[in-house]
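Inspection log for the structure reproduced underneath, given as structure tokens.
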Amino acid sequence: MKNCLSLLFAFFLFNCAAFAQTQKPSDNFELHGTLSHSKTRVLWLRYRLSNEKQVAFKALVKKGSFTFKGYIPSPLYAEFYFDYLPQPNRGLGLNPIFLSSGKMSVSLVENEAEKTKITGSAMQDDWDKLQLQKAPLQKEVNLNDWNKIQAEEKQIDYKFIVAHPNSYLSPYLIDYYFDGQELRLDSASNFYKSLTAEVKSSFAAKILAAKISKHQASAAGGIAPLFSIKDIHGKILSLKSFRDKNYVLVYFWASWCFYKGNESAFLKSCYSRYHTQGLEIVGISQDIFMKEWKNKVHSKGLGSWYNIRTIPGGGRLEETYNIKSMPPMVLVLIDKEGKIMGRYFGEHPDWIHKTDNEGTLDDLDRMLAKTFGL
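Numbering (mature numbering (1 follows the signal peptide of the UniProt record, and there is no 0)) for the sequence shown: -20 to -1, 1 to 354.
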């Protein structure tokens, strides 16, 4: 779990638009450290100040000692790198830590992140105490008990969040479980609301608030985000064109996401039964290559309804609708007023977790029958 959380926290350091190696505000933290069993001459420290700005600066290691001075708007997650600074989206920091304002000290052992020791940071103290609570669970790890251990660790983290609304670690923990689809939207929202105003002003909490807001916008009861994209025939398809006229079943897919292949039969059945009563279907593919997309539409017999394509990481429509990965197929049912009636998962392997309030294809089948009076 410790490694999993570290991987997630690293998210706050990647996908950044800019680096900065000088600080405009005056320094408010000072980190003195020692590095053991290493020939490293340069250490890098990296952290984010905002969605658009990432700080990365270096310190020389002299006789095993180094010093960093810098500015942080609030306690936050940071990472050390040895000798060189990887480009964005390449690799992870070897030694994740939590910084606070004031004077801190740290001891590092290269390639042994678990031996990192830092004092003077309240946020780091919170993290270390959590790890001590979880340590007994990890003494004798049996793979057969792994799910049970994870569940117990999750409860420890949840109790920490409830008991520490003033800890800057809490929004990181909430984000970890929410982003991992283990925490329901309403629970994540309630956890966030319980945080103190000071913690809510931190970068991590602002990232969390944005995610919650995005989930709420694409959840059942919200207004479906509009789009206007060229369809498979080169004509512009606008979701708004169906307003006040049709129910719309939008499904996000890709040529590789048919887990067992029954989704195509399900879609054909829906179209056959409900199209004449006012149901339109729109397939939104994330295929990169147009040829693969068109071939799959043809081979699966999906051409009777509308088909559009968004390039992954390009159009961002998948982000607007909170689509995390493929498989499985994700289906969204929209009423005539443009309101989302429900979200549903296609077939998927057991290791994939569906998010809260997302039903199965059977649930969608029942909703359509109820909607059209069948």
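Note that the Cβ used here is the ideal one computed from N, Cα and C, for glycine as well. In this text the structure is predicted, and so the values were computed from the model without any measurement.
7 angstroms CB neighbourhood of residue i in its chain, flanking five on each side removed
{"i": "residue 141", "result": "150, 153, 154, 171"}
{"i": "residue 273", "result": "235, 265, 267, 289"}
Backbone secondary structure at residue i - three-state DSSP
{"i": "residue 339", "result": "strand"}
{"i": "residue 89", "result": "strand"}
{"i": "residue 198", "result": "coil"}
{"i": "residue 107", "result": "helix"}
{"i": "residue 10", "result": "strand"}
{"i": "residue 352", "result": "coil"}
{"i": "residue 223", "result": "coil"}
{"i": "residue 242", "result": "helix"}
{"i": "residue 59", "result": "strand"}
{"i": "residue 231", "result": "strand"}
{"i": "residue 287", "result": "strand"}
{"i": "residue 314", "result": "strand"}
{"i": "residue 273", "result": "helix"}
{"i": "residue 172", "result": "helix"}
{"i": "residue 266", "result": "coil"}
{"i": "residue 177", "result": "helix"}
Rounded separation between residue i and residue j - CA only
{"i": "residue 90", "j": "residue 15", "result": "7 angstroms"}
{"i": "residue 87", "j": "residue 108", "result": "15 angstroms"}
{"i": "residue 175", "j": "residue 145", "result": "4 angstroms"}
{"i": "residue -6", "j": "residue 350", "result": "With a pLDDT of 42 at residue -6, under the threshold of 50, the modelled position of that residue is not reliable, and the figure given next carries that caveat. Approximately 44 angstroms, taken between the alpha carbons."}
{"i": "residue 256", "j": "residue 124", "result": "51 angstroms"}
{"i": "residue 327", "j": "residue 341", "result": "8 angstroms"}
{"i": "residue 166", "j": "residue 82", "result": "36 angstroms"}
Cβ-based neighbour list, residue i, same chain, cut-off 8 angstroms, excluding 5 preceding and 5 following
{"i": "residue 110", "result": "136, 137, 140, 149"}
{"i": "residue 30", "result": "183"}
Reference residue i, options the options, closest by Cα
{"i": "residue 320", "options": "43, 265, 202", "result": "202"}
{"i": "residue 282", "options": "269, 246, 303, 298", "result": "246"}
{"i": "residue 260", "options": "323, 251, 341", "result": "251"}
{"i": "residue 233", "options": "262, 221, 195, 220", "result": "262"}
{"i": "residue 315", "options": "96, 347, 267", "result": "347"}
{"i": "residue 98", "options": "300, 85, 112", "result": "85"}
{"i": "residue 115", "options": "53, 47, 94", "result": "94"}
{"i": "residue 217", "options": "105, 40, 287, 101", "result": "287"}
{"i": "residue 48", "options": "270, 178, 40", "result": "40"}
Contact set for residue i: own chain, Cβ-Cβ below 6 angstroms, skip 5 residues either direction
{"i": "residue 158", "result": "168"}
{"i": "residue 355", "result": "For residue 355 there is no data in the structure shown, the boundaries of the chain being -20 and 354."}
Practice item. Take every Cβ of the stretch 48 to 60, pair it with every Cβ of the stretch 21 to 38, and state whether three or more of those distances are shorter than 8 angstroms. Key: yes
Practice item. Please determine if the stretch 182 to 191 and the stretch 210 to 229 are in contact, where contact requires at least 3 C-beta pairs separated by less than 8 angstroms. Key: no
Exercise for review: Would you be able to state if there are at least three C-beta pairs under 8 angstroms between the stretch 305 to 320 and the stretch 277 to 290?
Suggested key: no
**Study point:** Cβ contact check for the stretch 218 to 229 and the stretch 299 to 307: 3 or more pairs under 8 angstroms
**Key:** no
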